[in-house]
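Below: the structure, in structure tokens.
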Amino acid sequence: MKLNTRDAVAYFNKPDPNKTGVLIYGADAMRVATRRQDVISALIGPNGEEEMRLARMTAAELRKDSAMLNDAIKAQGFFPGPRAAFVEDANDNVAATIIAALDDWQIGDAQIIVTAGQLKATSKIRKAFETHPNAYAVGIYDDPPSREEIETTLTKAGISPPDRDAMADLTMLARELDPGDFRQTVEKIALYKIGDASPLTSADIDACAPTSTEAELDDVLNIVAEGRAQEIGPMMRRLESQGLNPVTLCISAMRHFRTLHAACSDPSGPAAGIGRVRPPVFGPRRDRMLRQAQGWGMHRLEQALALLTDTDLQLRSSAKAPQMALVERMLIRLAMMGRR
């Protein structure tokens, strides 16, 4: 039978060992693997694999040895507890073998866990699980995780319930990151919060969220956006000594000012616009960028973007001018522009 998204989440967290099995399929291999990991871990427990209560096989292996799945289902281990037989990357080439195993399954046998890529409605495997009275079929789609799913992930990581702003930040982060990356970020937050029983805040998320630039690069961009021209020179020497590419610095500055421009261009105002920018910004960094956007205004930010575009074209041209000097001059001009 089919499971909808809400019921599927509940089943992944607490599978019934008396069910014949579950098919998890979808175009995003990472999302499918994450759900498969959830259901197997919940079914056999943290020591199930060590106790040899999990049998793994690929569709290619099953195609070569059609008895492998049925043997794994019927085999009795030395350790008590639910067992699982996991078939990875299944397709209709092994449909007959999987369907035969479903038909032959009895109470006490290992549960059949099957993962697959995107399956058409006419797929034999998908039909077999959807029409089976004691098995489930779950389609995994690219929908953003629900609040319930995020809360479940936090609970598993041992994180205290977040405040309202932090929950909004986590929701945006979950929409931007792949499931695996989001789970790793939550694990990082859990380590960050060890020994701290206070509610999760936006500042905590900002400290742990993945960033695309180094702290020094963020520092120089903030210096420029806040009009502190006198501080640019020392920061540029520091970045140059680290071997930063001038083109990379120009691209990062372009991204920063485009974010400010997107916030100012929002019809509801910069405060609403900063919450809609992609990728999202969090906590103190969001507040800081909001202040920068409000200080610049949309029209001056358009002038800044024009200057950044001109410099980017010069860097990519055949001109022999020192590239880092070009970028430094451009940043100083931007900082002076921000003071007006």
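Quick note, our numbering runs 7 ahead of the 1-based positions in the sequence shown. Glycine residues also receive a C-beta, built at the ideal position from the N, C-alpha and C atoms.
Once DSSP output is grouped into helix, strand and coil, what is the label at residue i?
i, result
"R43", "helix"
"D225", "helix"
"L61", "strand"
"E233", "coil"
"E56", "coil"
"K131", "helix"
"D185", "coil"
"D35", "coil"
"F19", "helix"
"K81", "helix"
"F136", "helix"
"K195", "helix"
"A91", "strand"
"T220", "Only weak support exists for where T220 lies, its pLDDT of 39 falling under 50; the value from the coordinates is given anyway. If DSSP states are grouped into helix, strand and coil, T220 belongs with coil."
Determine whether the beta carbon atoms of residue i and residue j lie at a separation below 7 angstroms.
i, j, result
"V254", "L312", "no"
"I157", "A236", "no"
"P89", "A210", "no"
"L314", "H268", "no"
"G234", "G124", "no"
"A92", "A62", "yes"
"A102", "K134", "no"
"I281", "R262", "no"
"K9", "E183", "no"
"A197", "A164", "yes"
"V193", "T162", "no"
"E335", "M243", "yes"
"L224", "S259", "yes"
"L69", "T104", "yes"
"R43", "I51", "no"
"C257", "D319", "yes"
"P206", "S153", "no"
"A216", "F289", "yes"
"P24", "V46", "no"
"E56", "F86", "no"
"V94", "M75", "no"
Assuming residue i is part of the beta strand (DSSP E), what are its boundary residues?
i, result
"T122", "Q118 to A123"
"G28", "G28 to Y32"
"R285", "Run containing R285: none; DSSP gives neither H nor E here."
"Y143", "A142 to G146"
"V101", "Note, V101: premise wrong, no beta strand (DSSP E); not H, not E."
Along the chain, where does the alpha helix (DSSP H) containing residue i start, and where does it finish?
i, result
"R154", "R154 to K163"
"D213", "S209 to C215"
"V254", "P253 to S272"
"E68", "A66 to K71"
"L333", "Q330 to R346"
"M242", "I239 to S248"
"A279", "P277 to G280"
"Q310", "M305 to R323"
Give the C-beta separation of residue i and residue j to the nearest angstrom, bearing in mind that I take them to be a contact with Cβ-Cβ under 8 angstroms.
i, j, result
"T266", "M305", "Between M305 and T266 the Cβ distance is about 13 angstroms, and since that is not below 8 angstroms, they are no contact."
"I212", "V227", "Contact flag wrong, Cβ pair sits at about 24 angstroms."
"A49", "N20", "6 angstroms"
"A270", "A300", "4 angstroms"
"A181", "Y199", "About 17 angstroms separates the two Cβ atoms, so there is no contact after all."
Got a sec: does the ligand COA put a non-hydrogen atom nearer than 6 angstroms to the Cβ of residue i?
i, result
"L184", "This structure does not include the ligand COA; it has no bound ligands of any sort."
Quick one: any contact between the stretch 71-81 and the stretch 112-122, if contact means 3 or more CB pairs under 8 angstroms? yes
On the three-pair Cβ rule with 8 angstroms, is the stretch 28-35 touching the stretch 138-149? yes
Count the CB pairs spanning the stretch 169-184 and the stretch 39-57 that are closer than 8 angstroms, and state whether there are at least three. no
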